[in-house]
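A.B. asks: Just dropping this structure here.
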Amino acid sequence: MKHHQIHGREGKSVNSPEDWETETHDWYCFECHLPGEVMICDQCFRVYHPKCLPDDMKLRDSSNHWQCPVCKSMKKKNLNKQEMGKYLRFIVSRMKERAIELNKKGKDTKHPMYRRLVHTAIDVSTINEKVNEGKYRSYEEFKADAQLLLHNTIIFYGGTPTVSRSNGGGNEITVMGRFKTDYYLLINQNKNDSEQTDVAKVLYTDTCHELDELQLCKNCFYLSNARPDNWFCYPCIPNHELVWAKMKGFGFWPAKVMQKEDNQVDVRFFGHHHQRAWIPSENIQEITINVHQLHVKRSMGWKKACDELELHQRFLREGRFWKSKGEDKGEEEAESSISSTSNEQASDQQLKFAVKILHFSTNKNASFVLHPSAFQIKL
Numbered sequence: 421m422k423h424h425q426i427h428g429r430e431g432k433s434v435n436s437p438e439d440w441e442t443e444t445h446d447w448y449c450f451e452c453h454l455p456g457e458v459m460i461c462d463q464c465f466r467v468y469h470p471k472c473l474p475d476d477m478k479l480r481d482s483s484n485h486w487q488c489p490v491c492k493s494m495k496k497k498n499l500n501k502q503e504m505g506k507y508l509r510f511i512v513s514r515m516k517e518r519a520i521e522l523n524k525k526g527k528d529t530k531h532p533m534y535r536r537l538v539h540t541a542i543d544v545s546t547i548n549e550k551v552n553e554g555k556y557r558s559y560e561e562f563k564a565d566a567q568l569l570l571h572n573t574i575i576f577y578g579g580t581p582t583v584s585r586s587n588g589g590g591n592e593i594t595v596m597g598r599f600k601t602d603y604y605l606l607i608n609q610n611k612n613d614s615e616q617t618d619v620a621k622v623l624y625t626d627t628c629h630e631l632d633e634l635q636l637c638k639n640c641f642y643l644s645n646a647r648p649d650n651w652f653c654y655p656c657i658p659n660h661e662l663v664w665a666k667m668k669g670f671g672f673w674p675a676k677v678m679q680k681e682d683n684q685v686d687v688r689f690f691g692h693h694h695q696r697a698w699i700p701s702e703n704i705q706e707i708t709i710n711v712h713q714l715h716v717k718r719s720m721g722w723k724k725a726c727d728e729l730e731l732h733q734r735f736l737r738e739g740r741f742w743k744s745k746g747e748d749k750g751e752e753e754a755e756s757s758i759s760s761t762s763n764e765q766a767s768d769q770q771l772k773f774a775v776k777i778l779h780f781s782t783n784k785n786a787s788f789v790l791h792p793s794a795f796q797i798k799l
């Protein structure tokens, strides 16, 4: 088994800058961000503690060849680069907005200790360039760069590294003697959970959420970001199942089914704000049921939601799908859409709160969500 100890793979001291600069692999586990004895990837710079790996990724024979989880996941090819870039531009535009906090203190790379701590540098500008140049071959590769940004931030600024996977042997890490390790422990003691690390964690979590939404339905993802007129009415490929969904304390409301898990249904409601929520399957009715059997209160919001449902059904009958003027959407247009949405949210504190609740409501384990009829916000 090929291991890499923090004091050097061959047991040699690695103290000079020249030695550090020639190191082919990172010095810290890509999963928990801590030093120690690690397995090194044959294909990239990443290293992992054996205990931080899922069982199906552990080396099971005497072979010296091993690929890390990131490299294995990047073997998948999702779409052609042009189409993938169209979607990723929306995500990277939001990343750029959220990354402002990370850059308040100037470029990290100018710090004299940066290269002695961070093996492979990356920032949002680099990710943006790679998107524009069509260098990403899969969504997994894009996600890996976002994870690298978080990894580097935790290493440099400090935080609370955790071992997310364990084989029951506890979270002990064998730390070998090295100045790099001592400095790492020092900055973690002095900068516990720094602001930069908190921002990087949120940025990575949000990026993962956006990628999940993109892969759940690329049509919904694109239209919800591009926001053409009647964007929610255009059919997706494949079409979403249409249902009546009832949240606790509210009547039935027309909705699209996004996904199902166990006895829970993830729906997105028709109506002005298009909220998401996980609904118990017993509170779901087929869209073909006679509406009089639902005993709903026909409020103004409910009627508008039904009007939108009818337009969607008409588009379905006519085979009317969204077609943009160009195959691709330029970076400036994507950023304009994101900024426009952000400005609308910033101008209304209630709407900002609603967006936060909406993000929370996409979790099927959430105990509190807001029904479409609960919003009385005028834009």
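Using this note's numbering, read the sequence shown as starting at 421 and increasing by one per residue.
A virtual CB, placed ideally from N, CA and C, is assigned to each residue, including glycine.
#1: Checking 8 angstroms against the spacing of the C-beta atoms, do residue 453 and residue 574 come in under that value?
#2: Please determine if the stretch 460 to 477 and the stretch 485 to 492 are in contact, where contact requires at least 3 C-beta pairs separated by less than 8 angstroms.
#3: I need the DSSP call for residue 680, collapsed to helix, strand or coil.
#4: Does the Cβ-Cβ distance between residue 636 and residue 679 come in under 8 angstroms?
#5: Can the beta-carbon of residue 570 be found less than 8 angstroms from the beta-carbon of residue 621?
#6: Mapping the DSSP letters down to three states, classify residue 511 as helix, strand or coil.
#7: What are the boundary residues of the alpha helix (DSSP H) that residue 536 is part of?
#8: Let me know the secondary structure DSSP gives residue 686 once reduced to three states.
#9: Given that a residue counts as buried once 16 or more other Cβ atoms are within 10 Å of its Cβ, and exposed if not, what is residue 714?
#10: Return the chain-ordered list of same chain residues with a C-beta closer than 8 angstroms to the C-beta of residue 566, the five sequence neighbours on each side being excluded.
#11: Are the beta-carbon atoms of residue 656 and residue 639 separated by less than 8 angstroms?
#12: Buried or exposed for residue 401, please, with buried defined as at least 16 other CB atoms from any protein chain shown within 10 angstroms of its CB.
#13: On the DSSP bridge list, what partners appear for residue 674?
#14: Per DSSP, residue 698 forms a beta bridge with which residues?
#15: Could you give the first and the last residue of the continuous alpha helix (DSSP H) run that contains residue 706?
#16: To the nearest angstrom, how far is the alpha carbon of residue 759 from that of residue 648?
#17: To the nearest angstrom, how far is it from the Cα of residue 512 to the Cα of residue 560?
#18: Count the other C-beta atoms from every protein chain shown that fall within 10 angstroms of the C-beta of residue 446, then say buried if there are 16 or more, exposed otherwise.
#19: Between the alpha carbons of residue 556 and residue 504, how many angstroms are there, rounded?
#20: Going by CA-CA distance only, name the one from 572, 693, 665 that's closest to residue 686.
#21: Which residues in the same chain have their Cβ closer than 8 angstroms to the Cβ of residue 651, if we skip the five residues on either side of it in sequence?
#22: Report the three-state DSSP secondary structure of residue 657 (helix, strand or coil).
#23: Residue 736: which of 662, 564, 458, 530 sits nearest, CA to CA?
#24: Which one or two residues does DSSP pair with residue 467 in a beta bridge?
#25: Secondary structure at residue 723, three-state DSSP: helix, strand or coil?
#26: Is the beta carbon of residue 728 closer than 8 angstroms to that of residue 690?
#27: Write down the C-beta distance between residue 672 and residue 705 rounded to the nearest angstrom, noting that I regard them as a contact closer than 8 angstroms.
#28: Near residue 493, what residues of its chain come up, given a Cβ to Cβ distance below 7 angstroms and the 5 sequence neighbours on each side ignored?
#29: What's the gap between the Cα of residue 590 and the Cα of residue 471?
#30: Using CA coordinates, which residue listed in 456, 697, 480 is at the minimum distance from residue 469?
#31: Taking the C-alpha atoms as reference points, what is the distance between residue 466 and residue 563?
#32: Leaving out the 5 sequence neighbours to the left and right, which residues in its chain are closer than 7 angstroms to residue 731 when beta-carbon positions are compared?
#33: In angstroms, rounded to a whole number, what distance separates the CA positions of residue 545 and residue 517?
#34: Looking at C-alpha atoms only, which residue of 740, 641, 480, 681 is the closest neighbour of residue 507?
#35: Are the CB atoms of residue 521 and residue 633 within a distance shorter than 8 angstroms?
#36: For residue 692, tell me which candidate among 442, 722, 477, 500 has the shortest Cα-Cα distance.
C.D. replies: Put simply:
#1: Counted from its first residue, the sequence shown places residue 453 at position 33. Counted from its first residue, the sequence shown places residue 574 at position 154. In contact: residue 453 and residue 574 (Cβ atoms closer than 8 angstroms).
#2: yes
#3: For the purposes of this step, residue 680 is taken as residue 260 along the sequence shown, with counting starting at 1. Strand, per DSSP.
#4: By 1-based counting over the sequence shown, the position of residue 636 is 216. By 1-based counting over the sequence shown, the position of residue 679 is 259. Yes, the Cβ-Cβ distance between residue 636 and residue 679 is below 8 angstroms.
#5: Locating residue 570 in the sequence shown gives position 150, counting from the first residue. Locating residue 621 in the sequence shown gives position 201, counting from the first residue. It is a contact, given that the beta carbons lie within the stated cut-off.
#6: Numbered from 1 along the sequence shown, position 91 holds the residue referred to as residue 511. In the structure shown, residue 511 sits in a helix (DSSP, three-state: H, G or I).
#7: To locate residue 536, count along the sequence shown from 1; it is residue 116. From DSSP, the alpha helix (DSSP H) with residue 536 extends over 534 to 537.
#8: One-based indexing of the sequence shown puts residue 686 at position 266. Correct three-state label for residue 686: strand.
#9: In the sequence shown, residue 714 corresponds to position 294, counting from 1. With fewer than 16 other Cβ atoms within 10 Å, it is exposed.
#10: Numbered from its first residue, the sequence shown carries residue 566 at position 146. Cβ within range, chain order: 515, 547, 623, 624, 627, 628.
#11: To locate residue 656, count along the sequence shown from 1; it is residue 236. To locate residue 639, count along the sequence shown from 1; it is residue 219. The answer is yes: Cβ separation under 8 angstroms.
#12: The structure shown does not extend to residue 401, since the chain spans only 421 to 799, so no value can be given for it.
#13: Counting from 1 along the sequence shown, the entry for residue 674 is found at position 254. Its beta-bridge partners are 664.
#14: In the sequence shown, residue 698 corresponds to position 278, counting from 1. 686.
#15: On the sequence shown, residue 706 is found 286 positions in, with the first residue counted as 1. Here residue 706 belongs to no alpha helix (DSSP H); instead the beta strand (DSSP E) covers 704 to 706.
#16: As a working note, residue 759 is residue 339 in the sequence shown. As a working note, residue 648 is residue 228 in the sequence shown. Annotation note: pLDDT 42 at residue 759 (below 50); position unreliable, coordinate value reported separately. Using only the alpha carbons, I get a separation of about 15 angstroms.
#17: The residue labelled residue 512 in the question sits at position 92 within the sequence shown. The residue labelled residue 560 in the question sits at position 140 within the sequence shown. Distance between the alpha carbons of residue 512 and residue 560 is about 14 angstroms.
#18: Residue mapping note: residue 446 aligns to position 26 of the sequence shown, counting from 1. Answer is buried; the Cβ neighbour count reaches 16.
#19: The residue you call residue 556 lines up with position 136 of the sequence shown. The residue you call residue 504 lines up with position 84 of the sequence shown. Going by the C-alpha atoms only, they are around 8 angstroms apart.
#20: Here residue 686 refers to the residue found at position 266 of the sequence shown. For residue 686, the nearest C-alpha among the options comes from 665.
#21: Position 231 of the sequence shown holds residue 651. Hits under 8 angstroms: 643, 644, 742.
#22: Locating residue 657 in the sequence shown gives position 237, where the first residue counts as 1. Three-state DSSP puts residue 657 in coil, outside helix and strand.
#23: Taking the first residue of the sequence shown as 1, we reach residue 736 at position 316. When only C-alpha atoms are compared, the closest one is 662.
#24: Sequence index remark: in the sequence shown, residue 467 carries index 47 (1-based). Note: residue 467 sits in a beta bridge opposite 460.
#25: Position 303 of the sequence shown, counted from the first residue, corresponds to residue 723. Residue 723 falls in the helix class under three-state DSSP.
#26: As a first step, residue 690 is located in the sequence shown; it is residue number 270 there, counting from the start. As a first step, residue 728 is located in the sequence shown; it is residue number 308 there, counting from the start. Yes, the pair counts as a contact, with Cβ atoms nearer than the cut-off.
#27: Within the sequence shown, numbered from 1, the residue matching residue 672 stands at position 252. Within the sequence shown, numbered from 1, the residue matching residue 705 stands at position 285. Residue 672 to residue 705, Cβ: 6 angstroms. Contact.
#28: Along the sequence shown, read from residue 1 onward, the residue named residue 493 stands at position 73. If we look at residue 493 and ignore the five residues flanking it on each side, its Cβ neighbours are 560.
#29: Locating residue 590 in the sequence shown gives position 170, counting from the first residue. Locating residue 471 in the sequence shown gives position 51, counting from the first residue. Here the model assigns residue 590 a pLDDT of 35, short of 50, so the residue's position is not dependable, and the following value carries that caveat. Taking the straight line joining both Cα atoms gives about 9 angstroms.
#30: The count along the sequence shown starts at 1 and reaches residue 469 at position 49. Of 456, 697, 480, the residue nearest in Cα terms is 456.
#31: For the purposes of this step, residue 466 is taken as residue 46 along the sequence shown, with counting starting at 1. For the purposes of this step, residue 563 is taken as residue 143 along the sequence shown, with counting starting at 1. Going from the Cα of residue 466 to the Cα of residue 563 covers about 14 angstroms.
#32: Here the question's residue 731 lines up with position 311 in the sequence shown. Taken in chain order, the residues that qualify are 650, 653.
#33: One-based indexing of the sequence shown puts residue 545 at position 125. One-based indexing of the sequence shown puts residue 517 at position 97. Their Cα atoms are separated by approximately 11 angstroms.
#34: To locate residue 507, count along the sequence shown from 1; it is residue 87. Answer by Cα proximity: 641.
#35: Position 213 of the sequence shown, counting from 1, holds the residue named residue 633. Position 101 of the sequence shown, counting from 1, holds the residue named residue 521. Contact flag unset, no.
#36: Taking the first residue of the sequence shown as position 1, residue 692 is located at position 272. For residue 692, the nearest C-alpha among the options comes from 722.
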